Amino acid sequence: MWRDASTWAAEAAAVFAKDWRCEFRTRYALNTLALFAFTTLVVVSVSLGPLGVSAAKGTPVLPTLLWLILLFAAAAGLPRSFVHEEETQTATALRLAATPSALFCGKLLYCLTLVAALEVLITPVYLAMMSLEVHSPWLLVGTLAAGGYGLAAGSTLIAAMIAQARGKGTLFAVLAFPVLLPLLLLAVELTRHAVSGEPAGMALTQILLYDGTVTVAALMLFPVVWNP
Amino acid sequence: MKTILAWLLWLWMCLVLYGAFLYARPAMGFAAGQSSRIVFFHVPMAWVSMIAFLAAAVWSARYLLGGRRAEHDRAAAVAIQLGLLFGVLATVTGAMWARIEWGAFWNWDPRQTSITLSLLFYAAYLALRSAVEDAETRGRLSAVYALLGVVITPFLYFIVPRITFSLHPEPLVNADGKIDMDSEMRQVLFASFLGFTALFFWMHNLQCRLQALADRKSAHFYE
Amino acid sequence: MGNGGIEWVVAVNLVIWTGLFIYLLRLGKKLRKLEKEP
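One line per chain: the protein sequences are B, H and A, in this order.
Just so we're aligned, residue 21 is where the first sequence starts under my numbering, counting upward by one.
Just so we're aligned, residue 19 is where the second sequence starts under my numbering, counting upward by one.
Just so we're aligned, residue 56 is where the third sequence starts under my numbering, counting upward by one.
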């Protein structure tokens, strides 16, 4: 069944716009993400900052903590994109209104913008509070982009799955973390390279490969998840 | 499985035991030489665990594409349960061997780490199944996750070695990769692998039938 | 773990394997019986 490309794009855009419109009314996800991320950030900073972590010790550890903050904030704030639909029973209307792939892309874009906002908010504050000097800032930006994309893509698919199950909050973490693990390992490694100034090497290729693979897999599997 | 086949398998495993302990010589270059014999059980179980997960993905695909039949969903779930069992046993035997050989249960050996991480993934599969009540939804979502596993697991296996090697530039020897194997060891290893594979399919068959009976009983209960 | 202990290890393994097989065979028999019921 051939769908007109402009219709598909219009559907995706409509889903994206709807989600943001709803989001601006309540600002629930933004608040959750921001609050969670900042709280975690403060905990990390207060426990490590006063100790004065040296550059040598900081380089391996601090990137890990940054990505943990991003991961947990995402787990707190992203699943809502689908759970909300089930709770308010708008899911059925969505099933009628949009093709699954367009819906997925709309939701993905929404999660992506949330993650991007989160990263823009958290990363500079984190770097400042931990006095972390980044020698390859462009690599860091690239890593945040690629890693953020992977985070959003994986989370969108898993969110769609857990929306139809019980124990949504914890189940999301249980299912998503193993899926996101390769991404996190790569993102942390790349961030370390960005901080220390080493070249990115294979990790950059692999993280892009991960992003591509998860996107393709999600596009193929989402219709199965979405349609009963 | 016919009784005679089962006893043939038993005979085969007895041969494997003989081969593992009395026929093959202990591997060269290991401090507690005889302990390397554990490789004849440790490695095949790890391989069977991976085969189990792959089989689960195949059954999951069949479930989704072949009419959403309960038997395929059941086969996939049982395969993953058994895959976890063999995987955990492989990890435990590997850790035991690591303790004997190199003094520590855990060495961040790439293979040791990769298999544990993928076991996490499949344990999550079981968590997913227990969180969905409706049988059709459960089958559908589980199948998706099992197929996702096929996509994600290779990443774990390719990324982790690079990371563990970069953190520990001189890692302790790959628990099973760098063994200098002579032909006798290879024969026993292969024989053991065949035996464990047959064992897996036998256990799978039994567990599926058990599960089917239980499902039938609980279905009648609600009528 | 010298060569002296090897026979003992083989014997233990044999016991475990045989026990496992007997268990699985009996499970199979029980299943066949239950499946025959209507």
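Beta carbons are placed, not taken as given, at the ideal position from N, Cα and C, and that holds for glycine.
All of these numbers come straight from a predicted model, not from anything done at the bench.
task = Given a cut-off of 8 Å, decide if L191/B and L174/H are closer than it, judged by their beta-carbon atoms.
result = Numbered from 1 along the second sequence, position 156 holds the residue referred to as residue 174/H. Numbered from 1 along the first sequence, position 171 holds the residue referred to as residue 191/B. Against a cut-off of 8 Å, the Cβ pair of L191/B and L174/H comes out as no contact.
Contacts of E209/B in chain H (Cβ-Cβ under 7 Å) = Against the first sequence, residue 209/B aligns to sequence position 189. I181, listed in chain order.
CA-to-CA distance, V135/B to A75/H, given in whole angstroms = Mapped onto the second sequence, residue 75/H falls at position 57. Mapped onto the first sequence, residue 135/B falls at position 115. If I take the Cα positions, the gap works out to 31 Å.
task = Evaluate contact between the segment 20-37 of chain H and the segment 203-217 of chain H, counting only Cβ atoms and requiring at least three cross-stretch pairs below 8 Å.
result = The way I'd put it, the segment 20-37 of chain H does touch the segment 203-217 of chain H; three or more beta-carbon pairs between them come closer than 8 Å.
query = In three-state DSSP terms, what is E151/H?
reply = One-based indexing of the second sequence puts residue 151/H at position 133. Three-state DSSP puts E151/H in coil, outside helix and strand.
request  = Count the C-beta pairs between the segment 157-166 of chain B and the segment 205-212 of chain B that are closer than 8 Å, then say yes if the count reaches three, no if not.
outcome  = Segments in contact, yes.
ask   = When you check each C-beta in the segment 215-244 of chain B against every C-beta of chain H, which residues fall closer than 7 Å?
value = Shown in chain order are the members of the segment 215-244 of chain B whose Cβ falls below 7 Å from a Cβ of chain H: M222, Q226, Y230, T233, A237, L241, V244.
query = How is the alpha helix (DSSP H) around Y41/H delimited, first residue to last?
reply = Against the second sequence, residue 41/H aligns to sequence position 23. Looking at the DSSP string, Y41/H is not in any alpha helix (DSSP H), and its letter there is neither H nor E.
ask   = Going along the chain, which residues of its own chain have a beta-carbon closer than 7 Å to the beta-carbon of L152/B, five neighbours each way excluded?
value = To locate residue 152/B, count along the first sequence from 1; it is residue 132. Result list for L152/B: G78, L82, V215, in chain order.
key: Outcome for M222/B when other beta-carbon atoms lying within 10 angstroms are tallied against a minimum of 16   = The residue given as residue 222/B occupies position 202 in the first sequence. When all chains shown are included, M222/B counts as exposed.
task = Take M203/H and list the residues in its own chain whose beta-carbon comes closer than 6 Å to its own, dropping the five residues that flank it on each side.
result = Here residue 203/H corresponds to residue number 185 of the second sequence, with the count starting at 1. Taken in chain order, the residues that qualify are A42.
Contacting residues, own chain, Cβ-Cβ under 8 Å from C226/H (five flanking each side not counted) = Sequence index remark: in the second sequence, residue 226/H carries index 208 (1-based). Correct list, in chain order: E89, R92, A93, V96.
query = So the alpha helix (DSSP H) P157/B belongs to, where does it begin and stop?
reply = Locating residue 157/B in the first sequence gives position 137, counting from the first residue. 157-182 is the extent of the alpha helix (DSSP H) around P157/B.
ask   = With DSSP run on the structure shown, which of helix, strand or coil describes W30/H?
value = Your numbering for residue 30/H matches position 12 in the second sequence. Residue state, collapsed to three classes: helix.
message = Out of L91/B, A25/B, T119/B, which one is the CA nearest neighbour of F56/B?
response = Numbered from 1 along the first sequence, position 36 holds the residue referred to as residue 56/B. If we check each option's Cα against that of F56/B, L91/B comes out closest.
Chain A residues whose Cβ lies nearer than 7 Å to that of T21/H = Position 3 of the second sequence, counted from the first residue, corresponds to residue 21/H. Within 7 Å Cβ-Cβ: L80.
ask   = Residues in its own chain within less than 7 Å of A54/B by CB, not counting five upstream and five downstream?
value = Here residue 54/B refers to the residue found at position 34 when the first sequence is read from its first residue. Excluding positions up to five away in sequence, the list reads L141.
ask   = By the criterion of Cβ-Cβ separation under 8 Å, what are the contact partners of L82/H in chain B?
value = Stepping through the second sequence from its first residue, residue 82/H is reached at position 64. The answer, in chain order, is V244.
ask   = With contact counted as at least three CB pairs below 8 Å, one residue from each stretch, are the segment 120-140 of chain H and the segment 177-190 of chain B in contact?
value = no
ask   = What's the C-alpha gap between W63/A and L144/H?
value = Looking up residue 63/A in the third sequence gives position 8. Looking up residue 144/H in the second sequence gives position 126. One C-alpha to the other measures close to 38 Å.
Rounded C-alpha distance that separates G157/H from V194/B = One-based indexing of the second sequence puts residue 157/H at position 139. One-based indexing of the first sequence puts residue 194/B at position 174. Taking the straight line joining both Cα atoms gives about 18 Å.
query = Mind listing which residues of the segment 215-226 of chain H have their C-beta closer than 8 Å to chain A's C-betas, in chain order?
reply = Interface annotation for the segment 215-226 of chain H against chain A: W220, M221, L224, criterion Cβ-Cβ distance under 8 Å.
query = On the three-state DSSP scale, how would you describe R92/H?
reply = To locate residue 92/H, count along the second sequence from 1; it is residue 74. Looking at R92/H - three-state DSSP - the assignment turns out to be helix.
query = Among L205/B, T143/B, T110/B, V245/B, which residue has its Cα nearest to the Cα of I89/B?
reply = One-based indexing of the first sequence puts residue 89/B at position 69. Taking each of L205/B, T143/B, T110/B, V245/B in turn and checking the Cα distance to I89/B, the smallest one comes out for T143/B.
request  = Can you say whether I170/H is buried or exposed, counting buried as having 16 or more other CB atoms within 10 angstroms of its CB?
outcome  = Working through the second sequence from its first residue, we reach residue 170/H at position 152. That one is buried.
query = Interface residues of chain A around A24/H at Cβ under 8 Å?
reply = Taking the second sequence and counting its residues from 1, one reaches residue 24/H at position 6. What A24/H touches in chain A: F76, L79, L80, G83.
task = Would you identify the three-state DSSP class for Q229/H, choosing helix, strand or coil?
result = Here residue 229/H corresponds to residue number 211 of the second sequence, with the count starting at 1. Q229/H: helix per DSSP, three-state reduction.
ask   = Is the shortest distance between the beta-carbon of Y143/H and the beta-carbons of chain A less than 8 Å?
value = Indexing the second sequence from 1 puts residue 143/H at position 125. Not an interface residue.
message = Assuming the contact rule is C-beta atoms closer than 8 Å, Y146/B and L68/B should be a hit. Round their C-beta distance to whole Å, please.
response = Sequence index remark: in the first sequence, residue 146/B carries index 126 (1-based). Sequence index remark: in the first sequence, residue 68/B carries index 48 (1-based). Between L68/B and Y146/B the Cβ distance is about 11 Å, and since that is not below 8 Å, they are no contact.
query = Buried or exposed: which applies to M260/B, given that a residue is buried once 16 or more other Cβ atoms fall within 10 Å of its Cβ?
reply = No statement about residue 260/B is possible, as the shown extent of chain B runs from 21 to 248 and does not include it.
inquiry  = Considering Cα atoms alone, identify which of A179/B, P243/B, L138/B, M150/B is closest to H104/B.
reply    = On the first sequence, position 84 is the one that residue 104/B refers to. Checked all of A179/B, P243/B, L138/B, M150/B; the closest Cα to H104/B is A179/B.
Coarse secondary structure for L89/A, derived from DSSP in three states = Taking the first residue of the third sequence as 1, we reach residue 89/A at position 34. Note: L89/A maps to helix in three-state DSSP.
request  = Could you tell me which chain H residues have their CB closer than 7 Å to the CB of V70/A, listed as they occur along the chain?
outcome  = Here residue 70/A corresponds to residue number 15 of the third sequence, with the count starting at 1. By Cβ distance, chain H contributes nothing, its closest Cβ being about 11 Å from V70/A, past 7 Å.
inquiry  = Cutting at 7 Å between CB atoms, please list the residues of its own chain near K85/A, excluding the five before and the five after it.
reply    = Locating residue 85/A in the third sequence gives position 30, counting from the first residue. Here the set comprises nothing.
query = Hey, is A185/B's beta-carbon within less than 8 Å of any beta-carbon in chain H?
reply = By one-based count along the first sequence, residue 185/B stands at place 165. Yes, contact with chain H.
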